[in-house]
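Heads up, the thing below is written out as structure tokens.
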Amino acid sequence: MKLAHFLIIGAAMTTALPTLAAPSHQINTVGMTQPRFNDLAAQCTNAVHPNTLQAVARVESGFNPYAIGVVRGSLKRQPRTLAEAVATAKSLHAQGKNFSMGLMQVNRYNLAAYGLNYETVFEPCKNINAGAKILKSCFDRAGGKGQAALQKAFSCYYSGNFKFGFKSDFKGQPPYVTKIIMSALNNSPHQTIQFSGNLKVAHTPSTANSIQDGYVPQPAAQTNKQPEYDEKPVMAVMQKKTPPPPEWDVFAYAEYMGKYGEKPAWEF
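Counting from 1, position 112 in the sequence shown corresponds to residue 112 in UniProt numbering; the numbering is continuous, with no gaps.
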């Protein structure tokens, strides 16, 4: 039974990026609001840092809140409005298709677990929140600490396991984990999304139980140590020593102390 449960979770995290209709995620911009992604993410979830979510959303949907990826299939044209997205999702459901939706490409089999349906999954805030919870769950199962765990979490988000995301699915394409790392290099606080519905945002208070800024994907550092998985671990680099974060922020505090060869006060 545990295996069956894991397979459901894995299916819910499978990306359908290669099957998105080419060549772009262009949508109708008439009458749309254009919030900044990071501002929205900061209000919608406390589970994952907005920069990390931005890197994932860029790969998963190209910031199209109406994107639908069909597993082992494709759409002739991506939905351009909320109404089209909802209608398309219901049609695919009736056909028995497996597909993922929205900014973070939340899979249809994950909707009930996160209190979503085809009318609500395309709401940017709810979609970001669900994607963040899935990624955080993967991060915790990968060890919950450091860039190595974060890379494994990306693989898990993509495929439901810690291996497939480090392998190339298609000839000439980099592995999913590499795509996310490269995507992070293009992060911008000014990145926007375009949404035609009423943007519903609920403020989420901060918490220490999250993937903090220190775990935003970074380009790989040179190392002679052979990792246990396909890619070299990505090391976050701090240019200069700055005052430590508060001790209650366990992720950021441990990351800071580890960089300067010190142990956190609570680590024995």
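Beta carbons are placed, not taken as given, at the ideal position from N, Cα and C, and that holds for glycine.
Original post:
Given a threshold of 16 other Cβ atoms within 10 Å of its Cβ, counted over all protein chains shown, does residue 85 qualify as buried or as exposed?
Top reply: buried
Original post:
How far does the alpha helix (DSSP H) with residue 180 in it reach, from first residue to last?
Top reply: 176-184
Original post:
So is residue 73 buried or exposed if we call it buried at 16+ other beta carbons inside 10 Å?
Top reply: So residue 73 ends up on the exposed side.
Subject >> Three-state class that DSSP yields for residue 91 in the structure shown >> reply: helix
Subject >> Opposing strand residues paired with residue 69 [DSSP bridges] >> reply: 100
Original post:
residue 42 to residue 157, Cα distance in whole Å?
Top reply: 20 Å
**OP:** Can you grab the Cα-Cα spacing for the pair residue 131 / residue 104, in whole Å?
**Re:** Separation of residue 131 and residue 104 (C-alpha to C-alpha, rounded to the nearest whole angstrom) is 5 Å.
Subject >> Which residues DSSP lists as bridging residue 36, in chain order >> reply: Within the DSSP secondary-structure output, residue 36 pairs in a beta bridge with 192.
Original post:
Does DSSP put residue 127 in a helix, a strand or coil?
Top reply: Residue 127 sits in a helix when the DSSP states are folded into three classes.
**OP:** Give the secondary structure of residue 121 by DSSP, where H, G and I count as helix, E and B as strand, and everything else as coil.
**Re:** coil
Subject >> Touch test, the region 181-200 against the region 33-48, Cβ-Cβ under 8 Å, three pairs minimum >> reply: Yes, they touch.
Subject >> Nearest-angstrom Cα separation, counted from residue 141 out to residue 149 >> reply: Taking the straight line from one Cα to the other gives about 8 Å.
Original post:
Would you say the region 61-73 touches the region 86-105, given that touching needs at least three Cβ pairs under 8 Å?
Top reply: yes
Original post:
How far does the alpha helix (DSSP H) with residue 52 in it reach, from first residue to last?
Top reply: 50-60
Original post:
Opposite residue 107 in the DSSP bridges: which residues?
Top reply: Within the DSSP secondary-structure output, residue 107 pairs in a beta bridge with 100.
Original post:
Roughly how many angstroms separate the alpha carbons of residue 76 and residue 92, rounded to a whole number?
Top reply: 13 Å
**OP:** For residue 169, name the three-state secondary structure that DSSP assigns.
**Re:** coil
**OP:** Sort 52, 61, 71, 192 by Cα distance to residue 79 and report the nearest one.
**Re:** 61
Original post:
Taking just the CA atoms, how far does residue 167 sit from residue 160?
Top reply: Their backbone Cα atoms lie some 13 Å apart in a straight line.
**OP:** Please state whether DSSP places residue 139 in a helix, a strand or coil.
**Re:** helix
Original post:
Got a sec? Which residues, its chain only, sit under 7 Å from residue 183 by beta carbon, not counting five neighbours each side?
Top reply: Answer for residue 183: 55, 58, 59, listed in chain order.
Subject >> Whole-angstrom distance between residue 175 and residue 283, CA atom to CA atom >> reply: This structure leaves residue 283 out entirely; the chain is present only between 1 and 268.
Original post:
Since residue 195 and residue 33 are thought to touch, with beta carbons under 8 Å apart, how far apart are those beta carbons, to the nearest angstrom?
Top reply: Right, the Cβ-Cβ distance comes to about 5 Å (below 8 Å), so this counts as a contact.
**OP:** For residue 170, count neighbouring C-beta atoms within 10 Å of its own C-beta (all shown protein chains included) and say buried if the count is 16 or more, exposed if not.
**Re:** Exposed.
Subject >> Counted within 10 angstroms of its Cβ, other Cβ atoms place residue 179 as buried (16 or more) or exposed >> reply: Buried: at least 16 other Cβ atoms inside 10 Å.
Subject >> Cut-off 6 Å between Cβ atoms - residues of its own chain near residue 143, not counting five sequence neighbours on either side >> reply: Residues of the same chain with a CB within less than 6 Å of the CB of residue 143, apart from the 5 flanking positions on each side, are 149 in chain order.
Subject >> residue 164: first and last residue of the uninterrupted alpha helix (DSSP H) it sits in >> reply: From DSSP, residue 164 is part of no alpha helix (DSSP H); its letter is neither H nor E.
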